[in-house]
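Here's the structure we're looking at; comments come further down.
In our numbering, the protein residues as written are -19 to 382.
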């Protein structure tokens, strides 16, 4: 197969949750295609499930190489380094330091506290009366509170690091100067917290990282700061986006919403299906570079060429999922790749699952008849200029309380 002219990427529109139809066309006709992003060099785009898993999991594809290259990307600023730009064994070394905090057993211990937070938020919504902004009043404070308590970050500072998080995720929402400024501020803030914990240790993840640094020399000071900052951003932003995304999908698929309300035991499988169905990103990111020639999707990827993996497209691959364009909350097929695959599989996947399960169950049981007060078009304002998609504002109301 010969290379075709590069397509302008990304394909998706930020102000929806739709997956652009071109992905289905590419999976069928050109599963590995050439794309040109706003910044960086041209890349291959993998769109089929099996090819995406190869790129994400095969050691012949490197993340570390992106630090030496003009990585294809959606934003002007290159990566600042850290665990997301590492390969094993360095990646493994850092991941092991925090992985124990995110095991299923440890996460389940956080479920009662997460439920208390969710209940308090809904009680406040009920007290004020609808309509309310689901994003501001529920979706943001729930995961922010959980990750703050886990890390040891003061919840009172959430307004600051919410702004700083946009710097990590901005494509064109912020200027390059703003991104640099906010990123620097966040790093200084994390460094200040580390200094505080050195003086006054606590039972939190930052104190644990300090011990790994000071007592065992398992990571550098810069690695510790970047790791804590990355956990703080990733630990709330994705879930904060997916809570309103999931509710939006359910409210616009009323037959599936009725099904879930009638059988709340479906919530775990519903979360997995919604993770498959909702393409969170504007486009594929975090390129991998081939370290040797690799046959992929009928194409020979040459050593040194970057490949992007569309998990949104992979999750709609009809070679893997039956009727993939249909939302089926009881689906029991192959695992989605919404949390990635391989060494960089999302560290906080179990935490996100638990938070999403708690969020759905709480909203559906505490707010019967949850609905848009007017219409999706009137009640939802979408994010723009960021790597992730979802409502910036989402008004909801309800018909009664239990």
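Virtual Cβ for every residue (Gly too), placed ideally from N, Cα, C.
Everything numeric in this text was worked out from a predicted model, so none of it was measured.
Around the C-beta of residue 33, are 16 or more other C-beta atoms found within 10 angstroms, so that it is buried, or is it exposed?
It is buried - the Cβ of residue 33 has at least 16 other Cβ atoms within 10 Å.
Check the C-beta distance from residue 342 over to residue 99 and give it rounded, since I have them as a contact under 8 Å.
Confirmed, about 6 Å.
Three Cβ pairs or more, each shorter than 8 Å: is that satisfied between the region 209 to 223 and the region 118 to 138?
yes
Of the choices 41, -6, 28 and 25, whose alpha-carbon is the least far from that of residue 284?
41
Touching or not, the region 99 to 119 and the region 361 to 380, by the rule of three or more beta carbon pairs under 8 Å?
yes
Nearest to residue 52 by CA position, among 313, 15 and 280, is which residue?
Comparing Cα-Cα distances from residue 52 to each of 313, 15 and 280, the minimum goes to 15.
At the level of alpha carbons, what is the spacing between residue 291 and residue 161?
31 Å
Please report the distance separating the alpha-carbon of residue 6 from that of residue 106.
47 Å
With 16 other Cβ atoms within 10 Å as the buried cut-off, status of residue -7:
exposed
C-alpha distance - residue 183 paired with residue 168, whole-angstrom precision:
22 Å
Kindly indicate the opening and closing residues of the beta strand (DSSP E) around residue 361.
360 to 362
Return the residue from the list 288, 267 and 305 that minimises the CA-CA distance to residue 46.
With distances taken between Cα atoms, residue 46 lies closest to 267.
So what's residue 113 in DSSP terms, helix, strand or just coil?
When secondary structure is reduced to three states using DSSP, residue 113 falls in the strand class.
Quick test of the definition: if touching needs 3 or more C-beta pairs under 8 Å, does the region 250 to 258 touch the region 220 to 228?
yes
Own chain partners of residue 274 with C-beta closer than 6 Å, once the 5 adjacent residues on each side are dropped
Residues of the same chain with a CB within less than 6 Å of the CB of residue 274, apart from the 5 flanking positions on each side, are 40 and 281 in chain order.
Could you compute how far the alpha carbon of residue 61 sits from the alpha carbon of residue 313?
36 Å
Are residue 151 and residue 55 touching if we call contact CB-CB under 9 Å?
Residue 151 is a Cβ neighbour of residue 55, given a cutoff of 9 Å.
Out of 278, 200, 311 and 181, point me to the one whose CA is closest to residue 236's CA.
311
Less than 9 Å between the beta carbons of residue 308 and residue 357, yes or no?
no
Pairs of beta-carbons, one from the region 329 to 348 and one from the region 236 to 247, closer than 8 Å: are there three or more?
yes
So does the region 79 to 86 actually touch the region 324 to 337, counting three or more Cβ pairs closer than 8 Å?
yes
Identified DSSP bridge partners for residue 169:
Looking at the DSSP assignment, residue 169 forms no beta bridge with any residue, so it has no partner.
By DSSP, does residue 339 sit in helix, in strand, or in coil?
helix
So for residue 118, helix, strand or coil by DSSP?
Helix at residue 118.
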